[in-house]
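Engineer:
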Amino acid sequence: MILIDYDPRTGVGLAATGKAACGQIEVRPIKIPPPPISPPLRAGILRSPNGGLALISPAPTSEADLVLENIDYAIEGEIRRGILTGVACGRKIKAKSYVPYEGPLLGLVPVKRLGDFPRAVFRMLIYRLALP
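Under our numbering, the residues of the sequence shown are numbered 158 to 289, in order.
1. Considering only residues of the region 205-275, which uninterrupted beta strand (DSSP E) runs meet the minimum length of 3 residues and lie entirely inside it, listed in chain order?
2. Secondary structure at Pro165, three-state DSSP: helix, strand or coil?
3. What's the call for Phe274, buried or exposed, on a 16-neighbour Cβ count within 10 Å?
4. Is it buried or exposed for Ser254, if we count other Cβ within 10 angstroms and need 16 for buried?
5. In angstroms with no decimal places, state the Cα-to-Cα distance between Gly260 and Ile161.
6. Using the C-alpha atoms, what's the distance from Ile194 back to Arg166?
7. Can you look up Gly180 in the DSSP assignment and give me helix, strand or coil?
8. Under three-state DSSP, which class holds Ile159?
9. How many Å lie between Glu227 and Arg237 at the Cα?
10. Hey, is the region 262-277 in contact with the region 176-184, meaning 3+ C-beta pairs nearer than 8 Å?
11. In or out: Leu225 buried (at least 16 other Cβ within 10 Å) or exposed?
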């Protein structure tokens, strides 16, 4: 399992299901105990018969590594003045971005269900391109 984000107030984390397509990566909320290291992280899951979960051997990872693993499906584009423009799967993408980043990027947008690209992006996994 790849844990992308965790909210300590509610005890709910966003776990990537592994499916990626056209600039999106599918995630689902999962109730877990507080992780020993901050997300993003990779960990195994041990489920108890009572319905509880335990994280097994958590290891840190980075958002850039997640994007590079799914580079075939990543958005190639840029964010300028709060607008994400780019190309994914041969289609042009344009969306309002609330991500605190400006510049060129390869990225994936976490969504609940793969399908049409969202009109607004509040969270994004970004690989920052180093251009000369």
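Glycine residues also receive a C-beta, built at the ideal position from the N, C-alpha and C atoms. These numbers come from a predicted model, not from an experiment.
Structural biologist: Here's the rundown:
1. The qualifying runs are 210-217, 232-237, 240-245, 248-254, 260-268.
2. If DSSP states are grouped into helix, strand and coil, Pro165 belongs with coil.
3. Buried is the label assigned to Phe274, since at least 16 other Cβ atoms lie within 10 Å of its Cβ.
4. A residue is called buried once 16 or more other Cβ atoms fall within 10 Å of its Cβ, and Ser254 is buried on that count.
5. In this structure, the alpha-carbon of Gly260 lies about 22 Å from that of Ile161.
6. Cα to Cα, Arg166 sits roughly 16 Å from Ile194.
7. If DSSP states are grouped into helix, strand and coil, Gly180 belongs with coil.
8. Strand, per DSSP.
9. The sequence shown places Asn at residue 227, rather than the Glu named in the question. Cα to Cα, the separation comes out at about 24 Å.
10. The region 262-277 makes contact with the region 176-184; the number of CB pairs closer than 8 Å reaches 3 or more.
11. Of the residues assessed, Leu225 falls on the exposed side of the cut-off, its CB having fewer than 16 other CB atoms within 10 angstroms.
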